[in-house]
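Listed below in C-alpha coordinates is the structure:
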(Lines of atoms letter the chains of each structure in order from A; the text may use other names.)
(Lines give C-alpha, C1' and ligand atoms only; values in the text may rest on other atoms or scores of the structure.)
Protein backbone atom coordinates (compact mmCIF):
# COMPACT_ATOMS: atom_id res chain seq x y z
CA UNK A 169 0.00 0.00 0.00
CA UNK A 170 1.44 3.34 -1.03
CA UNK A 171 1.16 6.09 1.56
CA UNK A 172 1.42 9.63 0.30
CA UNK A 173 2.56 12.31 2.67
CA UNK A 174 1.72 15.93 2.28
CA UNK A 175 2.93 19.12 3.93
CA UNK A 176 0.12 18.93 6.50
CA UNK A 177 0.96 15.39 7.64
CA UNK A 178 4.73 15.76 7.83
CA UNK A 179 5.76 17.30 11.14
CA UNK A 180 8.71 19.12 12.67
CA UNK A 181 9.45 18.73 16.38
CA UNK A 182 11.23 21.64 18.05
CA UNK A 183 13.03 21.51 21.40
CA UNK A 184 14.03 24.72 23.18
CA UNK A 185 15.85 24.54 26.48
CA UNK A 186 17.41 26.68 29.15
CA UNK A 187 19.58 24.53 31.38
CA UNK A 188 21.85 25.58 34.23
CA UNK A 189 25.61 25.31 33.70
CA UNK A 190 26.81 26.57 37.08
CA UNK A 191 28.29 23.36 38.44
CA UNK A 192 30.24 20.52 36.88
CA UNK A 193 27.20 18.26 37.30
CA UNK A 194 24.97 20.84 35.57
CA UNK A 195 27.36 21.04 32.62
CA UNK A 196 27.45 17.24 32.40
CA UNK A 197 23.63 17.10 32.36
CA UNK A 198 23.57 19.80 29.66
CA UNK A 199 26.08 17.90 27.51
CA UNK A 200 24.22 14.61 28.00
CA UNK A 201 20.88 16.14 26.96
CA UNK A 202 22.42 17.85 23.93
CA UNK A 203 24.16 14.62 22.91
CA UNK A 204 20.87 12.73 23.23
CA UNK A 205 19.13 15.24 20.92
CA UNK A 206 21.83 14.90 18.28
CA UNK A 207 21.78 11.08 18.49
CA UNK A 208 17.98 11.10 18.10
CA UNK A 209 18.27 13.01 14.83
CA UNK A 210 17.70 16.57 16.00
CA UNK A 211 19.61 19.37 14.28
CA UNK A 212 20.78 22.51 16.04
CA UNK A 213 18.94 25.55 14.67
CA UNK A 214 20.38 27.97 17.24
CA UNK A 215 22.06 27.50 20.60
CA UNK A 216 19.56 25.63 22.79
CA UNK A 217 17.10 25.24 19.89
CA UNK A 218 16.90 21.95 18.01
CA UNK A 219 14.52 20.62 15.35
CA UNK A 220 13.75 17.20 13.90
CA UNK A 221 11.84 16.23 10.77
CA UNK A 222 9.20 13.54 11.34
CA UNK A 223 7.22 11.69 8.68
CA UNK A 224 3.92 11.79 10.60
CA UNK A 225 2.18 13.04 13.73
CA UNK A 226 2.59 9.60 15.27
CA UNK A 227 6.33 9.69 14.63
CA UNK A 228 6.48 13.19 16.13
CA UNK A 229 4.75 11.89 19.28
CA UNK A 230 7.37 9.14 19.59
CA UNK A 231 10.19 11.68 19.55
CA UNK A 232 8.38 14.02 21.97
CA UNK A 233 8.03 11.11 24.41
CA UNK A 234 11.73 10.30 24.03
CA UNK A 235 12.63 13.89 24.88
CA UNK A 236 10.42 13.67 27.97
CA UNK A 237 12.17 10.48 29.07
CA UNK A 238 15.61 12.10 28.66
CA UNK A 239 14.84 15.39 30.42
CA UNK A 240 17.63 16.72 32.62
CA UNK A 241 16.83 17.11 36.34
CA UNK A 242 17.04 20.93 36.31
CA UNK A 243 16.15 23.66 33.84
CA UNK A 244 13.33 24.35 31.43
CA UNK A 245 12.58 22.44 28.24
CA UNK A 246 9.87 23.36 25.73
CA UNK A 247 8.81 20.85 23.06
CA UNK A 248 6.35 21.65 20.29
CA UNK A 249 5.51 20.49 16.80
CA UNK A 250 4.53 22.26 13.61
CA UNK A 251 3.51 20.99 10.19
CA UNK A 252 5.88 21.00 7.24
CA UNK A 253 3.70 23.71 5.66
CA UNK A 254 4.20 25.94 8.72
CA UNK A 255 7.92 25.19 8.73
CA UNK A 256 8.06 26.24 5.09
CA UNK A 257 6.76 29.67 6.08
CA UNK A 258 9.42 30.26 8.73
CA UNK A 259 11.78 33.10 7.96
CA UNK A 260 15.40 32.81 9.06
CA UNK A 261 17.39 36.00 9.44
CA UNK A 262 21.04 36.36 10.28
CA UNK A 263 23.07 39.47 10.69
CA UNK A 264 26.71 39.97 10.07
CA UNK A 265 29.07 39.83 12.98
CA UNK A 266 30.07 43.38 13.87
CA UNK A 267 33.64 44.23 13.03
CA UNK A 268 35.93 45.34 15.78
CA UNK A 269 36.94 48.96 15.53
CA UNK A 270 40.69 48.71 14.98
CA UNK A 271 41.17 52.47 14.76
CA UNK A 272 40.14 53.28 18.31
CA UNK A 273 41.79 56.38 19.68
CA UNK A 274 43.96 55.91 22.73
CA UNK A 275 42.24 57.05 25.84
CA UNK A 276 43.75 59.75 27.91
CA UNK A 277 43.82 58.98 31.60
CA UNK A 278 43.18 61.93 33.89
CA UNK A 279 43.89 61.96 37.59
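Residue numbers (the working numbering): 169 to 279. Yeah, the Cβ is synthetic: ideal placement off N, Cα and C, and Gly gets one too.
Excluding the five sequence neighbours on either side, which residues of its own chain have a C-beta within less than 6 Å of the C-beta of residue 247, listed in chain order?
-> Start at 1 with the first residue of the chain shown, and residue 247 comes out as number 79. Cβ neighbours of residue 247 beyond the five flanking positions: 183, 232 and 235.
Bridge partner(s) assigned by DSSP for residue 186 = By one-based count along the chain shown, residue 186 stands at place 18. Beta-bridge pairing links residue 186 to 244.
Which term fits residue 237, buried or exposed, when burial requires 16 or more other beta carbons within 10 angstroms of its beta carbon?
-> Mapped onto the chain shown, residue 237 falls at position 69. Here residue 237 is exposed, its C-beta having fewer than 16 other C-beta atoms within 10 Å.
Does residue 260 have its Cβ less than 9 Å from a Cβ in chain D?
-> This model lacks chain D altogether; it includes just one protein chain.
With DSSP run on the structure shown, which of helix, strand or coil describes residue 214?
-> By 1-based counting over the chain shown, the position of residue 214 is 46. The three-state secondary structure of residue 214, taken from DSSP, is strand.
For residue 175, collect the residues of the same chain with a Cβ closer than 6 Å to its Cβ; drop the 5 residues on either side in sequence, then sort them by chain order.
-> Within the chain shown, the letter at position 7 stands for residue 175. These residues qualify, in order along the chain: 252 and 253.
Could you check how far apart the C-beta atoms of residue 220 and residue 181 are, in whole angstroms? I think they sit under 8 Å.
-> Residue numbering aside, residue 220 sits at position 52 when the chain shown is read from its first letter. Residue numbering aside, residue 181 sits at position 13 when the chain shown is read from its first letter. About 5 Å separates the beta carbon of residue 220 from that of residue 181, a gap short enough to meet the 8 Å contact definition.
State buried or exposed for residue 187, treating a residue as buried only when at least 16 other CB atoms are found within 10 Å of its CB.
-> For this step, residue 187 is matched to residue 19 along the chain shown. It is buried - the Cβ of residue 187 has at least 16 other Cβ atoms within 10 Å.
Which residues does DSSP pair with residue 249 in a beta bridge?
-> By 1-based counting over the chain shown, the position of residue 249 is 81. Answer is 181.
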